[in-house]
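Novice:
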């Protein structure tokens, strides 16, 4: 069976500090991978998606970046965090080329102070 | 970009009441998905509707896909506190979600 992991679960960082959030998927190969951000009580904002190693598409210009160094690893980064980067970050995967459901990770709660 | 609008944004009802939430777009979707998200967790798929006019039932939840495949509704009968959560729609194959309806069912 497939599983998706995210870490850390929670993170409190000062403004201007760097960020690295990691997402890994097990039990499947060549998945489509997604990063979403969710503000408190709001819907999901698509940040990045990837259809393969080294392939990253950005949806919203911002001070975040993503990388996919391995088939089942997706990393969200920032060099300098802003207060507005606070939120709930969700990673998701979907089978390549399918319209099947997206499977979401448990999320990372980021607070920038 | 296919924009999905969900209404109402917030809904607070008493246990036992019925409710309907909506997902609308000006675009046609090949299929549409409904997810439910509980606080502090990721969304979980409830249903995928594929055919225009399709109606799917999941216990007390009834999902309908519009004939033109531009809109969908979710009806909950006799809501229970366990139905509390954020209900999100997404165009299958697209990666974008509506803003969601936050439902609170009070005991």
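Residue numbers (this note's numbering), protein chains in the order written: chain W, 1226 to 1338; chain L, 5 to 111. Idealized CB from N, CA, C, for every residue including glycine. Just so it is clear, the structure is predicted and the values come from calculations on it, not from any experiment.
Any beta-carbon of chain W closer than 7 Å to the one on residue 49(L)?
Specialist: Here the question's residue 49(L) lines up with position 45 in the second chain. So yes, residue 49(L) belongs to the interface.
Novice: Beta-carbon of residue 40(L) versus every beta-carbon of chain W: anything under 7 Å?
Specialist: As a first step, residue 40(L) is located in the second chain; it is residue number 36 there, counting from the start. Judged by the 7 Å Cβ criterion, residue 40(L) is not in contact with chain W.
Novice: Looking at the C-beta of residue 1332(W), does it have a partner C-beta in chain L at a distance below 7 Å?
Specialist: Residue mapping note: residue 1332(W) aligns to position 107 of the first chain, counting from 1. Chain L contact via Cβ: present.
Novice: Span of the beta strand (DSSP E) holding residue 1255(W)?
Specialist: For the purposes of this step, residue 1255(W) is taken as residue 30 along the first chain, with counting starting at 1. Run containing residue 1255(W): none; DSSP gives neither H nor E here.
Novice: Beta carbon of residue 1331(W), beta carbon of residue 1227(W): below 7 Å?
Specialist: Taking the first residue of the first chain as 1, we reach residue 1331(W) at position 106. Taking the first residue of the first chain as 1, we reach residue 1227(W) at position 2. No, these two residues do not count as a Cβ contact at 7 Å.
Novice: Is the CB-CB distance between residue 107(L) and residue 15(L) below 7 Å?
Specialist: On the second chain, position 103 is the one that residue 107(L) refers to. On the second chain, position 11 is the one that residue 15(L) refers to. For residue 107(L) and residue 15(L), yes; Cβs fall inside 7 Å.
Novice: Would you decide whether residue 64(L) is buried or exposed? Buried here means 16 or more other CB atoms lie within 10 Å of its CB.
Specialist: For the purposes of this step, residue 64(L) is taken as residue 60 along the second chain, with counting starting at 1. With fewer than 16 Cβ atoms within 10 Å of its Cβ, residue 64(L) is classed as exposed.
Novice: Just to confirm, are residue 96(L) and residue 41(L) a CB contact at a threshold of 7 Å?
Specialist: Here residue 96(L) refers to the residue found at position 92 when the second chain is read from its first residue. Here residue 41(L) refers to the residue found at position 37 when the second chain is read from its first residue. For residue 96(L) and residue 41(L), no; Cβs fall outside 7 Å.
Novice: May I ask you to list, following chain order, the residues of the stretch 1259 to 1279 of chain W that have a beta carbon less than 7 Å from some beta carbon of chain L?
Specialist: From the stretch 1259 to 1279 of chain W, only 1259, 1266, 1267, 1268, 1269, 1271, 1274 have a Cβ closer than 7 Å to chain L.
Novice: Are residue 1265(W) and residue 1281(W) closer than 7 Å when you measure CB to CB?
Specialist: In the first chain, the residue the question calls residue 1265(W) occupies position 40. In the first chain, the residue the question calls residue 1281(W) occupies position 56. No, they are not a contact pair.
Novice: For residue 109(L), which residues in the same chain have their Cβ closer than 7 Å to its Cβ, ignoring the five residues on either side in sequence?
Specialist: The residue given as residue 109(L) occupies position 105 in the second chain. Correct list, in chain order: 17, 19, 83, 84, 85, 87, 88.
Novice: Is it true that the CB of residue 1336(W) sits closer than 7 Å to the CB of residue 1257(W)?
Specialist: If you number the first chain from 1, residue 1257(W) lands on position 32. If you number the first chain from 1, residue 1336(W) lands on position 111. In this structure, residue 1336(W) does not lie closer than 7 Å to residue 1257(W) by Cβ.
Novice: Which residues does DSSP list as the beta-bridge partners of residue 1237(W)?
Specialist: Locating residue 1237(W) in the first chain gives position 12, counting from the first residue. The partner list for residue 1237(W) (beta bridge, DSSP) reads 1336(W).
Novice: Run down chain W in chain order and give the residues with a C-beta less than 7 Å from the C-beta of residue 106(L).
Specialist: As a first step, residue 106(L) must be located in the second chain, where it is residue number 102. Under the 7 Å cutoff, chain W gives 1266.
Novice: Buried or exposed: which applies to residue 1241(W), given that a residue is buried once 16 or more other Cβ atoms fall within 10 Å of its Cβ?
Specialist: Your numbering for residue 1241(W) matches position 16 in the first chain. So residue 1241(W) counts as exposed.
Novice: Does DSSP classify residue 1303(W) as helix, strand or coil?
Specialist: Position 78 of the first chain holds residue 1303(W). Residue 1303(W): strand per DSSP, three-state reduction.
Novice: When you compare only the Cα positions, how much space is there between residue 1277(W) and residue 67(L)?
Specialist: Within the first chain, residue 1277(W) is the residue found at index 52, counting from 1. Within the second chain, residue 67(L) is the residue found at index 63, counting from 1. Answer to the nearest angstrom: the Cα atoms are 34 Å apart.
Novice: Could you please tell me which residues of the stretch 1297 to 1312 of chain W, in chain order, have their CB closer than 7 Å to any CB of chain L?
Specialist: Against chain L - using a Cβ distance shorter than 7 Å - the stretch 1297 to 1312 of chain W contributes no residues.
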